[in-house]
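S.K.: Sharing a structure below in structure tokens format, with a few things to ask.
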Amino acid sequence: MPQRVLLQLDPQGEPNWLDLARPEAGEHRGWPTPGCEVVLLLPTETVLSTRAARVARSEGLLRQALPFAVEERLATPVEQLHFAFSGSGDPIELAVVDAQYLRDALATLEAKGLAAVAAYSEASLLPAVETGRGLILLCGERVLLRGAEGGVLAERMALLPQLLELFAGAAAPRAWTLLRCSDAPLDGLTAALALQAQSVSSRLALLARQLASPGGPNLLQGAFAPRLRGDALPWLKRAAAVAGFAVLLAFAQALVERQQLAARLESQRVEMADLLREALPGTTTVVDPRAQLEIEYTRLLRGAGGDDALALLARVAPSVAGSSRYTLESIDYRSGALELTLRAPDVATLDGLREALSGLGLAAELTSATPGQGGVEGRISLRGGRA
């Protein structure tokens with residue numbers, strides 16, 4: 001996995017960076033090894049951090065509408081700015097940066113063989129403090145101030161007294177949390193405030209702790225969203241090859257199953273042809289064994305002057321099976337007549353069934369009724385027409 005660093009360029013374009021896997025190693029000057037992934041840190045002075053109303057629900061519409069919703073707050077034409085936002089509520093966190101400034105910073109990284117995976121304003125990574133307290137971060141000749149309501153200012157250390165005056169009155173925090181990076185001077189602070197100073201060994205390490213839950217949006221979104229790195233392409237090619245092989249394997253399996261099914265059908269067709277020749281020894285040509293056997297059966301049956309037994313049985317089956325008052329014991333078909341032998345509790349039940357069968361357009365006749373143990377055994381003779 002590529003090394004990931006938090007990197008910031010100074011006003012002269014020189015980098016200062018921290019290895020995010022080993023923050024205890026401290027900050028480094030100079031460029032990291034080519035191929036590293038970079039979380040770019042932009043000075044607070046270069047990024048406007050604010051909040052804006054959610055003027056659209058979808059992300060795409062919101063990205064188009066936001067520049068014009070906050071246009072009146074900006075001194076630069078919106079066409080020259082890049083807008084990034086975060087948060088699902090209303091209002092949303094908004095960061096605005098000069099698009100060319102961000103573009104140049106990313107180009108500098110790319111020229112050094114580094115890939116930016118995220119970019120944040122310093123203001124987005126300031127540590128949280130208790131509600132109602134302000135934060136002062138002293139770092140070299142710069143000072144960052146965050147008021148109790150979240151507004152952040154960045155200026156030269158010499159202007160610290162004037163900055164503190166801006167937070168006087170109703171907007172004044174109830175107390176200040178003072179963090180001092182390395183040996184930053186304490187000039188301009190009251191003695192009471194200077195005594196509260198807490199030392200931190202590394203400014204970048206302090207800010208890096210907030211990367212898991214930054215207070216502002218990642219600037220690399222929209223037109224500046226990270227492009228796919230070249231070293232990720234081989235993995236995509238392998239994934240595509242595996243997916244292609246899986247599809248090919250699925251087609252091959254389907255082809256094998258189709259061939260097996262065709263072989264099974266052919267085996268059954270040969271078996272049916274053998275059965276047809278066995279049943280009809282004079283048959284020489286077999287096209288559709290089932291159809292040929294059915295045709296021959298119908299021809300023989302019609303030649304005997306009878307109705308089709310199967311068709312006749314299909315007509316009476318619902319009536320016979322529709323009651324539990326009688327039991328079908330046997331079926332006999334001869335000379336075009338279908339004879340049902342049934343057992344019922346009495347003759348009236350058998351006669352009721354005969355009438356029901358007659359209602360189907362059949363010639364139904366109760367030919368016998370023999371009393372015995374458990375009821376009456378009767379025979380009903382059926383033909384295709386009414387008696």
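Residue numbering for the sequence shown follows the UniProt record's numbering, starting at 1 and increasing by one per position.
Virtual Cβ for every residue (Gly too), placed ideally from N, Cα, C.
Values in this document were obtained by computation on a predicted structure and should not be read as measured data.
(1) Take the Cβ of residue 295 as the centre, count every other Cβ of all protein chains shown within 10 Å, and call the residue buried at 16 or more, exposed below.
(2) DSSP state of residue 78, grouped into three classes?
(3) With 16 other CB atoms within 10 Å as the buried threshold, where does residue 8 fall?
(4) Can at least three beta-carbon pairs, one atom from the region 209-229 and one from the region 106-126, be found at a separation below 8 Å?
(5) Kindly list the residues whose CB is nearer than 7 Å to the CB of residue 351, restricted to its own chain and excluding five residues on each side of it in sequence; keep chain order.
(6) Could you check whether residue 205 and residue 23 sit closer than 7 Å to each other, using their CB atoms as the reference points?
(7) Identify every run of the beta strand (DSSP E) within the region 296-362, keeping only runs that are complete inside it and at least 3 residues long; order them along the chain.
(8) Starting from residue 65 and walking both ways along the alpha helix (DSSP H), at which residues does that stretch end?
(9) Please report the straight-line C-alpha distance between residue 63 and residue 246, rounded to a whole angstrom.
(10) Tell me, please, which residues DSSP counts as bridged to residue 85.
(11) Rounded to whole angstroms, how far is the Cβ of residue 108 from the Cβ of residue 30, which I believe are closer than 8 Å?
(12) With burial defined as no fewer than 16 other Cβ atoms inside 10 Å of the residue's Cβ, what is the status of residue 173: buried or exposed?
(13) State yes or no: is the C-beta of residue 320 within less than 7 Å of the C-beta of residue 347?
(14) Near residue 163, what residues of its chain come up, given a Cβ to Cβ distance below 8 Å and the 5 sequence neighbours on each side ignored?
(15) Whose C-alpha, out of 148, 345, 140, 141, is nearest the C-alpha of residue 134?
(16) Answer with buried or exposed for residue 19, where buried requires no fewer than 16 other C-beta atoms within 10 angstroms of its C-beta.
(17) Apart from the five residues on each side of it in sequence, which residues of its chain come closer than 6 Å, Cβ to Cβ, to residue 136?
(18) Count the other CB atoms, across all protein chains shown, that sit within 10 Å of the CB of residue 15; report buried if there are 16 or more and exposed otherwise.
(19) Does the region 354-368 come close enough to the region 310-320 that 3 or more CB-CB pairs lie under 8 Å?
(20) Under 7 Å, do residue 207 and residue 119 count as touching if we go by C-beta distance?
(21) Does DSSP put residue 134 in a helix, a strand or coil?
(22) By Cβ distance below 6 Å, which residues in the same chain neighbour residue 117 in space, the five residues on each side in sequence not counted?
M.R.: Looking at the coordinates:
(1) As a working note, residue 295 is residue 295 in the sequence shown. So residue 295 ends up on the exposed side.
(2) Locating residue 78 in the sequence shown gives position 78, counting from the first residue. In this structure, residue 78 counts as helix in the three-state DSSP scheme.
(3) Within the sequence shown, residue 8 is the residue found at index 8, counting from 1. Classification of residue 8: buried, given that the 10 Å Cβ count is 16 or more.
(4) yes
(5) Locating residue 351 in the sequence shown gives position 351, counting from the first residue. Within the same chain, residue 351 has close Cβ partners 366.
(6) To locate residue 23, count along the sequence shown from 1; it is residue 23. To locate residue 205, count along the sequence shown from 1; it is residue 205. Yes, Cβ-Cβ distance for residue 23 and residue 205 is below 7 Å.
(7) 327-334, 337-344
(8) Stepping through the sequence shown from its first residue, residue 65 is reached at position 65. It spans 59-69 - the alpha helix (DSSP H) in which residue 65 sits, taken as one unbroken run.
(9) Along the sequence shown, one-based indexing puts residue 63 at 63. Along the sequence shown, one-based indexing puts residue 246 at 246. Residue 63 and residue 246: Cα-Cα distance of roughly 39 Å.
(10) As a first step, residue 85 must be located in the sequence shown, where it is residue number 85. Looking at the DSSP assignment, residue 85 forms a beta bridge with 94.
(11) Here the question's residue 108 lines up with position 108 in the sequence shown. Here the question's residue 30 lines up with position 30 in the sequence shown. The pair is not a contact, with the Cβ atoms about 14 Å apart (cut-off 8 Å).
(12) The residue given as residue 173 occupies position 173 in the sequence shown. Result: buried.
(13) Counted from its first residue, the sequence shown places residue 320 at position 320. Counted from its first residue, the sequence shown places residue 347 at position 347. The answer is no: Cβ separation not under 7 Å.
(14) The residue you call residue 163 lines up with position 163 of the sequence shown. Only 143, 145, 153, 155 meet the Cβ criterion.
(15) Sequence index remark: in the sequence shown, residue 134 carries index 134 (1-based). Nearest of 148, 345, 140, 141 to residue 134, Cα basis: 148.
(16) Translated into positions along the sequence shown, residue 19 becomes position 19. It is buried - the Cβ of residue 19 has at least 16 other Cβ atoms within 10 Å.
(17) Here residue 136 refers to the residue found at position 136 of the sequence shown. 145, 176, 178.
(18) Within the sequence shown, numbered from 1, the residue matching residue 15 stands at position 15. Result: buried.
(19) yes
(20) Stepping through the sequence shown from its first residue, residue 207 is reached at position 207. Stepping through the sequence shown from its first residue, residue 119 is reached at position 119. The answer is no: Cβ separation not under 7 Å.
(21) Your numbering for residue 134 matches position 134 in the sequence shown. In this structure, residue 134 counts as strand in the three-state DSSP scheme.
(22) Counting from one through the sequence shown, the residue named residue 117 turns up at place 117. Only 37, 226 meet the Cβ criterion.
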